[in-house]
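A.B. asks: To get my numbering, take the position in the sequence shown, counting from 1, and add 386.
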Amino acid sequence: MNPSASTLERTFNLAATVLLTACAGLAWAGDRVTDSNAASCAGHVCRVEGVVTDVFVAKNKIVLAFGKPYPNQTFTAVIDADSGLQFHSIQNYEGHKARVTGLVQLFHGHPEATLIHPSQLASAQ
């Protein structure tokens with residue numbers, strides 16, 4: 387009996403979340419990086435903190451822009467459509483300080499992290 391594609395995808399997402407959560411706990415011993423300095427940790431799992439200036443949907447993804455309004459944001463958190471259903475009240479982050487934990491990569495020269503689990507996004511003090 388072959389597992390369905392959705393079962394395999396859920397299993398992969400769960401495994402990726404467990405791995406990411408474990409790595410996030412080890413990365414930089416809990417140090418926080420500001421959204422304007424997020425590019426400095428490209429290629430690493432880190433915690434990025436800043437004010438969410440915009441929350442919107444683009445190309446079946448939820449986008450959180452940090453620092454400055456889109457398209458001049460200093461950091462971007464992206465939630466794909468499949469994971470988006472797990473994130474509740476995402477609009478409430480707009481205008482507030484938030485913390486993202488994830489693998490930071492450069493996309494067209496700008497730092498961003500893809501979020502696959504709600505534990506990667508939290509309000510910051």
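Virtual Cβ for every residue (Gly too), placed ideally from N, Cα, C.
For chain C, is any of its Cβ atoms less than 7 Å away from the one on F461?
C.D. replies: No chain C appears in the structure shown, which is made up of a single protein chain.
A.B. asks: Who pairs with A508 in a beta bridge, going by DSSP?
C.D. replies: For this step, residue 508 is matched to residue 122 along the sequence shown. Answer is R485.
A.B. asks: Taking the alpha-carbon positions, what's the F493 to A425 distance?
C.D. replies: By one-based count along the sequence shown, residue 493 stands at place 107. By one-based count along the sequence shown, residue 425 stands at place 39. The straight-line gap from Cα to Cα measures roughly 10 Å.
A.B. asks: Could you compute how far the alpha carbon of L489 sits from the alpha carbon of C427?
C.D. replies: As a working note, residue 489 is residue 103 in the sequence shown. As a working note, residue 427 is residue 41 in the sequence shown. Cα to Cα, the separation comes out at about 9 Å.
A.B. asks: Residues in its own chain within less than 6 Å of N446 by CB, not counting five upstream and five downstream?
C.D. replies: Translated into the one-based positions of the sequence shown, residue 446 becomes position 60. Only A467 meet the Cβ criterion.
A.B. asks: Under three-state DSSP, which class holds I476?
C.D. replies: Counted from its first residue, the sequence shown places residue 476 at position 90. In this structure, I476 counts as helix in the three-state DSSP scheme.
A.B. asks: Here's the rule: buried if 16 or more other CB atoms are within 10 angstroms of the residue's CB, otherwise exposed. What is L450?
C.D. replies: Along the sequence shown, read from residue 1 onward, the residue named residue 450 stands at position 64. By the neighbour-count rule (16 or more Cβ atoms within 10 Å), L450 is buried.
A.B. asks: Considering Cα atoms alone, identify which of V431, T462, E435, G429 is closest to V419.
C.D. replies: Translated into positions along the sequence shown, residue 419 becomes position 33. Of V431, T462, E435, G429, the residue nearest in Cα terms is E435.
A.B. asks: May I have the straight-line CA-CA distance separating R433 from L471, to the nearest angstrom?
C.D. replies: Reading the sequence shown from its first residue, position 47 is the one you call residue 433. Reading the sequence shown from its first residue, position 85 is the one you call residue 471. Their Cα atoms are separated by approximately 23 Å.
A.B. asks: Per DSSP, which residues does P538 bridge with? Please list them.
C.D. replies: Absent from the structure is residue 538, since the part of the chain shown begins at 387 and ends at 511.
A.B. asks: Starting from G470 and walking both ways along the alpha helix (DSSP H), at which residues does that stretch end?
C.D. replies: On the sequence shown, position 84 is the one that residue 470 refers to. Here the alpha helix (DSSP H) through G470 covers 467-470.
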